[in-house]
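Q: Shown below is the structure under consideration.
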Amino acid sequence: MADAASQVLLGSGLTILSQPLMYVKVLIQVGYEPLPPTIGRNIFGRQVCQLPGLFCYAQHIASIDGKRGLFTGLTPRLCSGVLGTVGHGKVLQHYQDCEKPEEISSGNVQKDASSSFDRVIKETTREMMARSAATLITHPFHVITLRSMVQFIGRESKYCGLGDSIVTIYREEGILGFFAGLIPRLLGDIISLWLCNSLAYLVNTYALDSGVSTMSEMKSYSQAVTGFFASMLTYPFVLVSNLMAVNNCGLAGGCPPYSPIFTSWIDCWCMLQKEGNMSRGNSLFFRKVPFGKTYCCDLRMLI
Numbered sequence: 001m002a003d004a005a006s007q008v009l010l011g012s013g014l015t016i017l018s019q020p021l022m023y024v025k026v027l028i029q030v031g032y033e034p035l036p037p038t039i040g041r042n043i044f045g046r047q048v049c050q051l052p053g054l055f056c057y058a059q060h061i062a063s064i065d066g067k068r069g070l071f072t073g074l075t076p077r078l079c080s081g082v083l084g085t086v087g088h089g090k091v092l093q094h095y096q097d098c099e100k101p102e103e104i105s106s107g108n109v110q111k112d113a114s115s116s117f118d119r120v121i122k123e124t125t126r127e128m129m130a131r132s133a134a135t136l137i138t139h140p141f142h143v144i145t146l147r148s149m150v151q152f153i154g155r156e157s158k159y160c161g162l163g164d165s166i167v168t169i170y171r172e173e174g175i176l177g178f179f180a181g182l183i184p185r186l187l188g189d190i191i192s193l194w195l196c197n198s199l200a201y202l203v204n205t206y207a208l209d210s211g212v213s214t215m216s217e218m219k220s221y222s223q224a225v226t227g228f229f230a231s232m233l234t235y236p237f238v239l240v241s242n243l244m245a246v247n248n249c250g251l252a253g254g255c256p257p258y259s260p261i262f263t264s265w266i267d268c269w270c271m272l273q274k275e276g277n278m279s280r281g282n283s284l285f286f287r288k289v290p291f292g293k294t295y296c297c298d299l300r301m302l303i
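Numbering (the UniProt record's numbering), first residue to last: 1 to 303.
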């Protein structure tokens with residue numbers, strides 16, 4: 001019980017600290033660029049025309065809504081984090097309780113079994129079920145969070161309170177409105193989890209020497225690296241999910257002429273892929289001007 005409470009408190013603290021970053025990221029993902037490009041330098045020192053990064057973007061939001069405006073959508077996101085942590089823990093606890101009788105009846109188990117690929121499959125499946133359950137429970141709050149942020153574009157006040165937002169979505173879209181963008185989000189989580197755990201198993205089994213004294217530390221590092229790699233590969237699912245969550249919801253940021261109306265998340269995926277925008281919002285610092293976009297930028301300075 002105390003462990004669950006500490007996880008909730010830690011998660012809530014991290015959520016509060018990262019809220020401005022997520023706010024900027026979401027606005028960039030939907031294609032909102034209120035600031036013109038500037039002349040900067042890339043990692044090789046060459047002058048390039050680039051879009052403003054995280055801090056400039058956050059400063060722009062603060063200049064309009066104040067510093068409190070950077071925490072728009074925090075309440076539903078905190079609710080999502082708490083429910084997700086509790087739901088995830090409950091599902092894992094259920095699996096652990098079901099496995100205890102089996103462990104007692106099986107008697108002695110060889111140590112090699114715990115490191116086998118069968119064990120990895122079993123643990124990954126259990127984690128997948130826990131994450132999927134948490135995502136299903138928290139997705140309505142995730143949708144409210146995204147829409148609360150995106151209404152900054154049109155200066156609307158449609159999704160201001162948690163209760164009012166729930167009533168608005170149910171009245172206009174029904175139950176399905178709370179699960180807009182759910183499928184690509186679930187797919188991204190599942191693919192990322194299996195990819196991360198499979199790569200970590202291969203690295204730990206075949207690439208690392210079991211005789212190294214810091215083997216446990218090396219394995220934790222490999223898990224982190226493979227997790228980062230898997231999240232990078234599955235980022236398009238996150239982008240498509242967020243776009244579908246705000247698409248055609250009555251906000252300027254999700255409706256024509258600002259944004260096209262997608263018939264499905266596959267339609268959204270195909271259009272982003274055609275435009276070459278599958279990584280939009282993935283970088284918050286070195287942001288290149290998208291191909292085909294026209295901005296007022298003095299390109300003579302690049303020569």
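Backbone N, C-alpha and C fix where the C-beta goes; we use that ideal spot for every residue, glycine too.
Using only the alpha-carbon positions, how far apart do M129 and G31 sit?
A: Translated into the one-based positions of the sequence shown, residue 129 becomes position 129. Translated into the one-based positions of the sequence shown, residue 31 becomes position 31. If you take the alpha carbons of M129 and G31, they lie about 33 Å apart.
Q: Between the C-alpha atoms of P184 and A230, what's the straight-line distance to the nearest angstrom?
A: For the purposes of this step, residue 184 is taken as residue 184 along the sequence shown, with counting starting at 1. For the purposes of this step, residue 230 is taken as residue 230 along the sequence shown, with counting starting at 1. Rounded to the nearest angstrom, the two C-alpha atoms are 15 Å apart.
Q: Taking C-alpha atoms, which residue in Y23, H94, G81 lies nearest to D65?
A: Counting from one through the sequence shown, the residue named residue 65 turns up at place 65. The shortest C-alpha separation from D65 is found at Y23.
Q: Using C-beta distances below 6 Å, list every residue in its chain close to N108, excluding the 5 sequence neighbours before and after it, in chain order.
A: In the sequence shown, the residue the question calls residue 108 occupies position 108. Note that N108 scores 48 on pLDDT, short of 50, meaning its location in the model is unreliable and no value can be drawn from it.
Q: According to DSSP, simplified to helix, strand and coil, what is T85?
A: Position 85 of the sequence shown, counted from the first residue, corresponds to residue 85. The answer is helix: DSSP assigns T85 an H, G or I state.
Q: Determine the DSSP secondary structure at R171, reduced to helix, strand or coil.
A: The residue labelled residue 171 in the question sits at position 171 within the sequence shown. In this structure, R171 counts as helix in the three-state DSSP scheme.
Q: With a floor of 4 residues, list each alpha helix (DSSP H) that falls wholly inside the UniProt repeat "Solcar" (118 to 206), ordered by position along the chain.
A: Runs found: 162 to 173, 182 to 202.
Q: Residues in the same chain with beta-carbon distance under 7 Å from A58, minus the five sequence neighbours each way, listed in chain order, please.
A: Position 58 of the sequence shown, counting from 1, holds the residue named residue 58. Counting only Cβ-Cβ distances below 7 Å, and skipping sequence neighbours, we find P20, V24, L70.
Q: For the stretch 235 to 251 against the stretch 264 to 277, are there 3 or more C-beta pairs whose distance is under 8 Å?
A: Judged by Cβ distances under 8 Å, the stretch 235 to 251 makes contact with the stretch 264 to 277, as three or more pairs qualify.
Q: Closest to P76 by CA distance: which of F141, G89, R68 is it?
A: Reading the sequence shown from its first residue, position 76 is the one you call residue 76. Nearest C-alpha to P76: F141.
Q: In angstroms, rounded to a whole number, what distance separates the CA positions of T85 and G73?
A: Looking up residue 85 in the sequence shown gives position 85. Looking up residue 73 in the sequence shown gives position 73. One C-alpha to the other measures close to 19 Å.
Q: With a threshold of 6 Å on Cβ separation, who are the neighbours of P256 within its own chain once the five nearest residues in sequence on each side are excluded?
A: For this step, residue 256 is matched to residue 256 along the sequence shown. For P256, where only same-chain residues beyond five positions count, there are no Cβ hits under 6 Å.
Q: In terms of residue numbering, what span does the alpha helix (DSSP H) encompassing L239 cover?
A: In the sequence shown, the residue the question calls residue 239 occupies position 239. Note, L239: alpha helix (DSSP H), 235 to 246.
Q: I'd like the span of the beta strand (DSSP E) that includes C268, first residue to last.
A: Taking the first residue of the sequence shown as position 1, residue 268 is located at position 268. Run containing C268: none in the beta strand (DSSP E); it sits in the alpha helix (DSSP H), 265 to 275.
Q: What distance in whole Å lies between the Cβ atoms of L182 and S237, which are believed to be in contact at a cut-off of 8 Å?
A: By one-based count along the sequence shown, residue 237 stands at place 237. By one-based count along the sequence shown, residue 182 stands at place 182. Going by the sequence as given, residue 237 is Phe instead of Ser. 11 Å between Cβ atoms; not a contact.
Q: Between the C-alpha atoms of I166 and V91, what's the straight-line distance to the nearest angstrom?
A: The sequence position of residue 166 within the sequence shown is 166, counting from 1. The sequence position of residue 91 within the sequence shown is 91, counting from 1. Taking the straight line joining both Cα atoms gives about 26 Å.
Q: Mark G253 as exposed unless 16 or more other C-beta atoms lie within 10 angstroms of its C-beta, in which case mark it buried.
A: Along the sequence shown, one-based indexing puts residue 253 at 253. Buried, by the Cβ-count rule.
Q: Report yes or no: do the stretch 116 to 128 and the stretch 193 to 208 share at least 3 C-beta pairs separated by less than 8 Å?
A: Yes: the two stretches touch, three or more of their Cβ pairs being nearer than 8 Å.
Q: Does the distance from the C-beta atom of G177 to that of I169 stay below 9 Å?
A: To locate residue 177, count along the sequence shown from 1; it is residue 177. To locate residue 169, count along the sequence shown from 1; it is residue 169. The answer is yes: Cβ separation under 9 Å.
Q: At the level of alpha carbons, what is the spacing between A113 and A134?
A: Position 113 of the sequence shown, counting from 1, holds the residue named residue 113. Position 134 of the sequence shown, counting from 1, holds the residue named residue 134. Below a pLDDT of 50, predicted positions are generally treated as unreliable, and A113, at 42, falls in that range; the measurement from the model is reported next regardless. So the alpha carbons of these two residues sit roughly 29 Å apart.
Q: Between which residues of its own chain and M149 is the CB-CB distance below 7 Å, once the five residues before and five after are set aside?
A: On the sequence shown, residue 149 is found 149 positions in, with the first residue counted as 1. Contacts found: Y23, V26, L27, T72, G73.
Q: If you follow the alpha helix (DSSP H) that C56 is in, where does it begin and where does it stop?
A: Start at 1 with the first residue of the sequence shown, and residue 56 comes out as number 56. Unbroken alpha helix (DSSP H) run through C56: 54 to 65.
Q: By how many angstroms is the C-alpha of A4 removed from the C-alpha of R171?
A: As a position in the sequence shown, residue 171 is number 171, starting the count at 1. As a position in the sequence shown, residue 4 is number 4, starting the count at 1. Computed Cα separation, rounded: 35 Å.
Q: Around the Cβ of G174, are there at least 16 other Cβ atoms within 10 angstroms (buried) or fewer (exposed)?
A: If you number the sequence shown from 1, residue 174 lands on position 174. Its Cβ having fewer than 16 others within 10 Å, G174 is exposed.
Q: Assuming contact is defined by CB atoms lying nearer than 9 Å, are S192 and L239 in contact in what I supplied?
A: What you label residue 192 is simply residue 192 of the sequence shown in a count that begins at 1. What you label residue 239 is simply residue 239 of the sequence shown in a count that begins at 1. Going by C-beta atoms, S192 is not nearer than 9 Å to L239.
Q: In angstroms, rounded to a whole number, what distance separates the CA positions of A224 and S132?
A: Within the sequence shown, numbered from 1, the residue matching residue 224 stands at position 224. Within the sequence shown, numbered from 1, the residue matching residue 132 stands at position 132. A224 and S132: Cα-Cα distance of roughly 21 Å.
Q: So for V48, helix, strand or coil by DSSP?
A: Numbered from 1 along the sequence shown, position 48 holds the residue referred to as residue 48. DSSP places V48 in strand when its eight states are reduced to three.
Q: Using the Cα positions of residue 318 and E33, report the straight-line distance between them to the nearest angstrom.
A: With the chain covering 1 to 303 only, the question about residue 318 has no answer from this structure.
Q: Return yes when the Cβ of R147 is within less than 9 Å of the Cβ of C268, no when it is not.
A: As a first step, residue 268 must be located in the sequence shown, where it is residue number 268. As a first step, residue 147 must be located in the sequence shown, where it is residue number 147. Not closer than 9 Å, so no.
Q: Just to confirm my understanding: we take Y159, look at its own chain, exclude 5 residues before and 5 after, and list those with CB closer than 7 Å. What are they?
A: Residue mapping note: residue 159 aligns to position 159 of the sequence shown, counting from 1. Closer than 7 Å at Cβ, skipping near neighbours: I144, R147, S148, Q151, S165, T168.
Q: Alpha carbons only, please: which of T15, H60, P36, A62 is nearest the one belonging to K288?
A: Translated into positions along the sequence shown, residue 288 becomes position 288. It is P36 whose Cα lies nearest to the Cα of K288.
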